[in-house]
Every structure is written in structure tokens, then in C-alpha cells.
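Visitor:
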Amino acid sequence: MPRHNLNDLLAFVTVAREGSFTRAAALLGVTQSALSQTVSGLEKRLKIRLLTRTTRSVSPTSAGERLMQAIGHRFDEIEAELDALTELRDKPAGTVRITCGDFVLKTILLPRLTPLLLEYPDIKVEFDINYGFRDIVADRFDAGIRFGDTVDKDMIAAPIGPEVRMAAVASPSYFARNSMPKKPQDLVNHTCIDIRYPTLGGVDAWEFEKRGRKINVRVVGQVIVNTSAHVPAAAVNGLGIAYLPEEEFAPHIEEGRLVRVLEDWCPLFPGYHLYYPSRRLPTPAFSLVLNALRGEAFY
285 MPRHNLNDLL
295 AFVTVAREGS
305 FTRAAALLGV
315 TQSALSQTVS
325 GLEKRLKIRL
335 LTRTTRSVSP
345 TSAGERLMQA
355 IGHRFDEIEA
365 ELDALTELRD
375 KPAGTVRITC
385 GDFVLKTILL
395 PRLTPLLLEY
405 PDIKVEFDIN
415 YGFRDIVADR
425 FDAGIRFGDT
435 VDKDMIAAPI
445 GPEVRMAAVA
455 SPSYFARNSM
465 PKKPQDLVNH
475 TCIDIRYPTL
485 GGVDAWEFEK
495 RGRKINVRVV
505 GQVIVNTSAH
515 VPAAAVNGLG
525 IAYLPEEEFA
535 PHIEEGRLVR
545 VLEDWCPLFP
555 GYHLYYPSRR
565 LPTPAFSLVL
575 NALRGEAFY
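Be aware that the sequence shown starts at 285, since it is given in the numbering used here, and climbs by one per residue.
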């Protein structure tokens, strides 16, 4: 049966349940005469009588009873599902999926989202730890976290952290064996700890800048990882020079386990941004997560 006849079926089910065109018309928000014509039109198309009409009552025929048993509960299921969707829209609940890196999860996402998750136990957040440039639409993520200058232009991006300064570091034991680099080009003569990003396939060049002059250096070394989580430890162990946002090295620098070099060449980058599709209709749960990550109140 064509989809445009679903209204006819709903009209029939309502009349049969109410046993009255008057009450059914009031429920459906139509006139009694229009409702009667709709049901009559359905009967003509099916070429069978569905309702027995008297001056006092309306009741389904045997064919009408059979049709009621076949489709009546389905309209109930549809109505229940629509009510559930309305509740989901109005009540903060459901799962928010975010793809991000280890460090931002530990330092920004979990600290800011913990009070929200304790306040709203029906909200769940799933974190995908990934350093590739995920297609969040194709991979069905609600949002991703990247540095601001790497977010695609067709996304909405909201800053969730300050600007980030890079740091080139190595251990005192490494510099006991090797001279300190004076300029970025010197790194080609050093052992460096690098990251292979999944999406790029290869290792990326290290970017330096000083007074508007930009230099990209491709480094080599004995250790390559696919996340930043283990880079500080490798550097502390004397395996080479590492290059990451300075926050990731901060405790080791403060306690003397790592030494900074090329500090005047380490640029500032736009900080972490949460990004999501511009055409996305946010759920209450996602809106609360977004506000919490921006540092806004969620009450």
C-alpha cells in the first residue's frame, strides 16, 4: 500500500478503537465529515467494508478486526518510539562519541567532564584514542579533538584550551654524549624520537618558526611511535630529542629529567579545539558535553 495511505489507516484504527467518529475526529484534530470520507475512501480502495456504522455506534467488521490485529499495535509502537525520541531530545541521556589523543583526554576532557558525568548518570561518553585524522561523519563520531589549525573548514570548532607552545627536549645523559642543537637544521645530525601518524602513513616534519621565518625539518632516529604517550619516557631514557607541546614534558623539565633546546624556535599553535559537523542537530547530552569542555556551567 502506498505510503500516503498511512493516514487512512491511522484514521481507521482511531475510529475502531474509539467506537465513534466524533471522538476519533476530536483526537485526530479533523472534522467528523472529513474523517468519515477518509475511512470511506480506504474501504473503496481495499474494496471491502471495515466498519459497521449505526446511528448509535461504530464497530469493526470481521475484515476490520483482522486489519486492527495486523496494524493496530504497529501504530502503538511508532507512537511509543516517537515519545522515546522526544524524551531523548528533552532529557540529557545517551552516548557521546569523541575521538581524541591520550594527553588531551587526561588533561582536559576527563577533568572537565567528570562533574558532568557525576551529575547526569544517563549520559555516557565513549573516547576513541586515535592520532589519525578521523572522518568523524563517516565513522559516526559526535565530535573530535584537534589543534585548531588542523580542523577542516566545513566543521564547527570550539576552543577548549589555550594556545600551545611546542618544546624540543632531551635528557641530560643524551646531551652528555651530543652537543646541543643551535638551530633547527642541526637536528638532522641528531637522534630524534618521532611519531608516525596513522592517516599520514609516514612521519611528519617538525615545524619551527622564529620572527616569521618558518623551517620544517625531517628528523631520523631509533624510536618511532604512533602516539605521544610514550615519547616523554623515551626522551627521559636518553633515546634522543623529542618534540611535542611543552605541557607533555612539563613535569620532567621542572624536575631536571629533560632539558629544553631551540626554545626561541618553538612556535605557538592554536590550542585544542572540539570540532563537529556544521549540519549537526545537537542532543541535550552533546550540548552539555560541549559546554563542559568549553569550561561553561552545565547546570
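Note that the Cβ used here is the ideal one computed from N, Cα and C, for glycine as well.
Just so you know, these numbers come straight off a predicted model, no measurement behind them.
Look at the alpha carbon of P623 and the alpha carbon of K408, and state the distance between them as a whole number of angstroms.
Guide: This structure cannot speak to residue 623, because the chain is shown only from 285 to 583.
Visitor: Could you say which of L402, G313, R578, F459 lies nearest to P446 if we only look at CA atoms?
Guide: The candidate whose alpha carbon is nearest that of P446 is R578.
Visitor: Taking all protein chains shown into account, do 16 or more other C-beta atoms lie within 10 angstroms of the C-beta of R461, making it buried, or fewer, making it exposed?
Guide: Classification for R461: exposed.
Visitor: Opposite Y556 in the DSSP bridges: which residues?
Guide: BP columns for Y556 point to F431.
Visitor: For the alpha helix (DSSP H) that contains E302, what are its first and last residues?
Guide: Segment 290 to 302, the alpha helix (DSSP H) holding E302.
Visitor: So, do the region 465 to 481 and the region 510 to 526 have three or more beta carbon pairs nearer to each other than 8 Å?
Guide: Contact holds: three or more Cβ-Cβ distances are below 8 Å.
Visitor: If you follow the beta strand (DSSP E) that R333 is part of, which residue opens it and which one closes it?
Guide: Run containing R333: none; DSSP gives neither H nor E here.
Visitor: From D548 to L558, what distance separates their C-alpha atoms?
Guide: Their backbone Cα atoms lie some 29 Å apart in a straight line.
Visitor: Go to A377, then tell me how far its alpha helix (DSSP H) extends in each direction, as first and last residue.
Guide: Element bounds for A377: n/a, residue is neither H nor E.
Visitor: How many Å lie between Y583 and I362 at the Cα?
Guide: Confidence in Y583 is poor, its pLDDT being 41 and thus under 50, which makes the residue's placement too unreliable to answer from.
Visitor: Check the C-beta distance from V388 over to D426 and give it rounded, since I have them as a contact under 8 Å.
Guide: Actually they are not in contact, since the Cβ atoms of V388 and D426 sit about 16 Å apart, beyond 8 Å.
Visitor: Taking 8 Å as the threshold, find out whether the region 496 to 506 comes into contact with the region 450 to 464 through three or more Cβ pairs.
Guide: Contact fails: fewer than three Cβ-Cβ distances are below 8 Å.
Visitor: Quick one, are the C-beta atoms of P399 and P568 less than 9 Å apart?
Guide: Result no, Cβ atoms of P399 and P568 do not sit closer than 9 Å.
Visitor: Between L312 and F359, what straight-line distance do the alpha-carbon atoms span, to the nearest angstrom?
Guide: Cα to Cα, the separation comes out at about 14 Å.
Visitor: Under 8 Å Cβ to Cβ from A513, same chain only, skipping five residues before and after it: list those, please.
Guide: So the list reads D386, F387, once near-sequence residues are dropped.
Visitor: Is the shortest distance between the beta-carbon of R333 and the beta-carbons of chain C less than 9 Å?
Guide: Protein chain content of the structure displayed is limited to a single chain, and chain C is not contained in it.
Visitor: Alpha carbon to alpha carbon, how far is V573 from L471?
Guide: If I take the Cα positions, the gap works out to 41 Å.
Visitor: Please go through the same chain and pick out, in chain order, the residues whose beta-carbon is closer than 7 Å to the beta-carbon of A300, but skip the five residues on each side of it.
Guide: So the qualifying residues of the chain are L335, P344, G348, M352.
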